[in-house]
Amino acid sequence: MLQHQISRRAVLKSGGALVVGFTLGGSLSAVLPRTAAAGTAGVDKALVDSWLEIAADGSATVYTGKVELGTGVRTALAQMAAEEIGVPFDKVTLVQGDTDTTPDQGGTWGSLSVEVAGMEIRQAAATARAALVTRAAERLGVSADELEAVDGVIRVKDEPGKQVSIASLVGGERFEIPVDPKAQAKDPKSHTIVGQSIPRVDIPDKATGAYTYMQDVRVPDMLHGRVVRPPALKAELLDVDESSVAGIPGIVKVVREKNFLGVVARNEWAAIRGARALKARWSEWAGLPEQDKLYEHVRSSEIAEDLVMGEAGDPKTAIKGATKVLSATYTFAPHTHGSIGPSCAIAQFADGRLTVHSASQAPHFLRKQIADAMGMTPEQVRIVNHEGSGCYGRNGHEDASLDAAIMARAVGQPVRVQWTREDEHGWDPKGPPTLVDLRAGVDSRGHVIAWDSEFWEPTARGGLPHLIGAELAGRLESTSQHPGNVQHNANPPYGFANLRSVVHRLQETPLRPSWIRSPGRMQNTYANEAFMDELAANAGEDPVNYRLRYLTDPRGIAVLMAAVRKAGWATRPSPDPRQDGNSVARGRGVTYIKYENVRTYVAGVAEVEVDRNTGEIRVPRIVVAHDCGQIINPDGVLNQIEGQIVQTVSRTLMEQVTFDRSRVTSLDWNSYPILRFPQVPRVEVELINRPEEVPWGVGEPAACVVPSAIANAVFDATGVRLRDVPFRPDYVKSMLEQQA
Amino acid sequence: MARSISLNVNGKTAQVQVDDPQMPLLYALRDELGLHGPRFGCGLGQCGACTVIIDGKTVRSCIAPISEVGDKAITTLEGLGTPERPHPVQQAFIDEQAVQCGYCINGMVMEAKAFLDANPDPSEDQIKEALADNLCRCGTHIRIVRAVQRAARQTRRA
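Given below as structure tokens:
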């Protein structure tokens, strides 16, 4: 298939195309610029040919800037393309995340692959189909509106035998037309591929060892590099004793550039041994805050800007008329991504260009960052994405990519850099610590008169998170910072008459931040929805009924009611009055979110068991109802929801990045434990499919319901309110003891 | 200096050149023999991504010195089956769509295979205990347990 595409492109681009050859895994492949606007300068999104090609055999190749992170998007996007063009699913191949050949569709983040990128592909495919139908109408002598495109043919709807194959209409030639933003997509009622649980195309290879992850990619003459990390985040490199690695066979070079220190060797084990053995002297640095005083530090951090995310009425005045004012402070610990496979990249220079093989979630952005850091133009850099280990946000892959580039240039040969577990846990950017103050005035019935909330979360400045290698090597003019759009969902999804939600975007946060599924939306929803539960308890009202007082969105109400129905929710206030004083207390809690207040709806019910003696929380069951509009692949959606629920149970109960004054100290799976099989909940999901609606994102929204659903369930079980994630046994036990 | 070590991998004998007898087996399997099944996850024996089966028992190849393997029979994920002819455990993972990123799946399949060989009719709790030292970050646990249950059923039936 690949060979076929390439030879076709060679024909297409017969006029002076620049051949960029490289070999991969032993098989030779050559890649040519695809369209007039493609190649080193990128791909023109305005042209249908930039998005898809139909070969002479009727198979289709779809080009997307979105990459596979383990979510199954390769399958889902292929379904959307196959449906819209009118070719069988198994005739579609995706090319993903190559900056020379795929359109820039932004990073693979924000639960936007189907919602935005899928819709861009759908529009290009609908344009292509319209062109095919026009040609078929001429060929068949009928009018275009009598025709349909399905299963690789254009046929007369009422006379299916009268047909012409799509391959014969375009196969092997370019469309040469712009994407028509008005091209009509297929009627969802006619869908036969979208909406089906088509098995994921990558799973057979992954289950048998035939898959090539980024970590498996090899290129000829490749050397192995490892980075030697400073003992403190901002330590300066004083001296390196290269003789300390002289006795290790296979060492090629010690690479030093300001504070960037690496070892390149002929084989991987030599690089590991060299990096461990290399003696270097570093300056001291202890600029991190004390972890015990982390949230005092956050509260006193300089505010870059205030974002007012919600405003209604006059909460400051209204709250003066309240019968009672409730207030609470919530915190959410810094987390690491914890991909099971540490980041990896290969860089190679050839013919004046740098090619970086990377599992980056954002190849087109990375291209600019690498170019900047290496003093090259973006046109001189090509990023080729290969799937890595699961990516839940901006982890270390981008950093490893620059590490490889720095070392490849230093040795004049391709270098593969594999981060260690310690690199990944210690040096990937972190989900930042979050602090939230909530205040509500209620009337004599406990109903909300005014809601006032403040959030302390880092700001974004200077673009995406800077590459750590650029910082170490002194190749940055200034650092940049981006924690994700953490302000989302600060505004509660309820119709309060007097409301103010303000996000204080902080100039700094102690550890280099980035987004982790789902940045801000999770932390903010946790605080809002746990506090909502406090208000319901204060009113002596059932937590679901209390939410329904303020919830007017019909789809929101539908999803909340679906979740409580499936969960078998008993209507009553919390805490559960029937607690019997047994050592294990049981409870249930609810949470609702409308993602970013504009899209996917999720409601969740968690059931917990709290061991009063040990403080241990078990979560035997979580029920979720989920409305993402049109569902592309129901089993794919289920897989995503189950995954993010389990992952977030782990984060809620266990996870916290630890650090001393100099650096991160949670550097492996013992010091940063995650959930194991015996602790995994049963997850029950109700999918609400709305085929007539647009498809919304799925990769993150459900994660957001977990922390507060658990906190609320613990309150239901014990009467104790957990306001600080993670809910580790020692913390829970101390809260139970305070209560007693 | 470099010496040649003979390994018995997936039923075939292979020679690898090794500078350091303490080098973990994983690097020989991946870098010398080009295998993709066993994966580097932590290098500490904590996550299970590198798991292989040696003489019927699961071994964390990232911390197993190559010099201690000797001529024992090493089985990797590739040694169980292929995409065209998967092993029943692999087939069960495919049938249950028990993969997200799949980086941990090598360890899950290998651990399950060795476990089911010794325990053909396990309870759900026993499966969870058997996999307790294999970490998954995508949260695929629920499907993985279902896949192991399916594999157990099908193997008993066969």
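Residue numbers (our numbering), protein chains in the order written: chain X, 34 to 773; chain B, 134 to 291.
Don't be surprised by glycine CBs; every beta carbon is placed ideally from N, CA and C.
In terms of residue numbering, what span does the alpha helix (DSSP H) encompassing residue i cover?
i, result
"TYR527/X", "Taken as a continuous stretch (DSSP letters only), TYR527/X belongs to no alpha helix (DSSP H), as it is neither H nor E."
"PRO221/B", "221 to 228"
"MET241/B", "238 to 251"
"PRO667/X", "667 to 687"
"GLU504/X", "501 to 505"
Buried or exposed: residue i, going by 16 or more other Cβ atoms within 10 Å of its Cβ?
i, result
"VAL64/X", "Only weak support is given to the placement of VAL64/X: the predicted model assigns it a pLDDT of 34, under 50, and the value that follows is read from those uncertain coordinates. Buried: at least 16 other Cβ atoms inside 10 Å."
"PRO728/X", "buried"
"THR604/X", "exposed"
"ARG67/X", "Note on ARG67/X: pLDDT 48, under 50, position unreliable in the model; no value is reported."
"GLN771/X", "exposed"
"SER62/X", "No answer about SER62/X holds up, because its pLDDT of 30 lies below 50 and its placement is not dependable."
"GLN394/X", "buried"
"GLN148/B", "exposed"
"ILE336/X", "exposed"
"LEU271/X", "exposed"
"ASP436/X", "buried"
"GLU688/X", "buried"
"THR160/X", "buried"
"LYS326/X", "exposed"
"LYS215/X", "exposed"
"THR56/X", "With a pLDDT of only 31 at THR56/X, under 50, the local geometry of the prediction cannot be trusted, and the value read off the model is given with reservation. Answer is exposed; the Cβ neighbour count stays below 16."
"PRO610/X", "exposed"
"ASP274/X", "exposed"
"PRO516/X", "buried"
"ASP405/X", "buried"
"GLY648/X", "buried"
"SER511/X", "exposed"
"ASP339/X", "exposed"
"SER139/B", "exposed"
Since residue i is in the beta strand (DSSP E), which residue starts that stretch and which ends it?
i, result
"ALA93/X", "93 to 97"
"ASP272/X", "270 to 274"
"LYS627/X", "617 to 627"
"TRP484/X", "481 to 491"
"ARG107/X", "From DSSP, ARG107/X is part of no beta strand (DSSP E) but of the alpha helix (DSSP H) over 106 to 118."
"ASP566/X", "Looking at the DSSP string, ASP566/X is not in any beta strand (DSSP E); the run it does join, the alpha helix (DSSP H), is 554 to 572."
"HIS537/X", "532 to 539"
"GLY343/X", "336 to 345"
"GLU719/X", "715 to 721"
"ARG314/X", "312 to 315"
"LEU85/X", "85 to 87"
Which residues share a DSSP beta bridge with residue i?
i, result
"ALA206/B", "ASN141/B"
"GLY258/X", "VAL297/X, VAL450/X"
"TYR242/X", "As written in the sequence, residue 242/X is Gly, which differs from the Tyr given in the question. The partner list for GLY242/X (beta bridge, DSSP) is empty, contrary to what the question assumes."
"ASP757/X", "THR364/X"
"CYS787/X", "Nothing can be reported for residue 787/X: it is not among the residues displayed for chain X, which extend from 34 to 773."
"LEU359/X", "ALA473/X"
"GLY426/X", "ILE549/X"
"LYS190/B", "ILE187/B"
"ALA636/X", "TYR625/X, ALA658/X"
"PHE122/X", "Paired residue(s): none; PHE122/X is not in a bridge."
"PHE692/X", "VAL697/X"
Quick check: is any heavy atom of the ligand SAM less than 7 Å from the C-beta of residue i?
i, result
"VAL175/X", "Among the components modelled here there is no ligand, and therefore nothing to report on the ligand SAM."
Enumerated in chain order, which unbroken segments of the alpha helix (DSSP H) with a length of 4 residues or greater are wholly contained in the segment 130 to 216 of chain X? 152 to 173, 199 to 203
Kindly confirm or deny that the segment 161 to 179 of chain B and the segment 371 to 383 of chain X touch, where touching means at least three C-beta pairs closer than 8 Å. yes
Taking three-plus beta-carbon pairs below 8 Å as touching, is the segment 696 to 712 of chain X in contact with the segment 637 to 644 of chain X? no
Could you tell me whether the segment 620 to 630 of chain X touches the segment 675 to 685 of chain X, where touching means 3 or more Cβ pairs closer than 8 Å? no
Any beta strand (DSSP E) of 3 or more consecutive residues that is wholly inside the segment 436 to 465 of chain X: 448 to 451
Under 7 Å (Cβ pairs) to chain C, residues found in the segment 702 to 732 of chain X: Judged by its chain identifiers, the structure shown contains no chain C, and its protein chains are X and B.
In the segment 379 to 416 of chain X, which residue ranges form an unbroken alpha helix (DSSP H) of at least 4 residues, counting only runs that do not cross its ends? 396 to 407
Does the segment 290 to 299 of chain X come close enough to the segment 261 to 275 of chain X that 3 or more CB-CB pairs lie under 8 Å? yes
How about the segment 512 to 526 of chain X and the segment 546 to 559 of chain X: do they share at least three Cβ pairs that are nearer than 8 Å? yes
Three or more C-beta pairs under 8 Å: does that hold for the segment 427 to 446 of chain X against the segment 387 to 402 of chain X? yes
Is the number of C-beta pairs between the segment 109 to 119 of chain X and the segment 140 to 160 of chain X that are closer than 8 Å three or more? yes
I'd like to know if the segment 347 to 354 of chain X and the segment 495 to 505 of chain X are in contact, where contact means that at least 3 CB-CB pairs between them fall below 8 Å. no
Check whether the segment 460 to 480 of chain X and the segment 361 to 372 of chain X are in contact - that is, three or more C-beta pairs closer than 8 Å. yes
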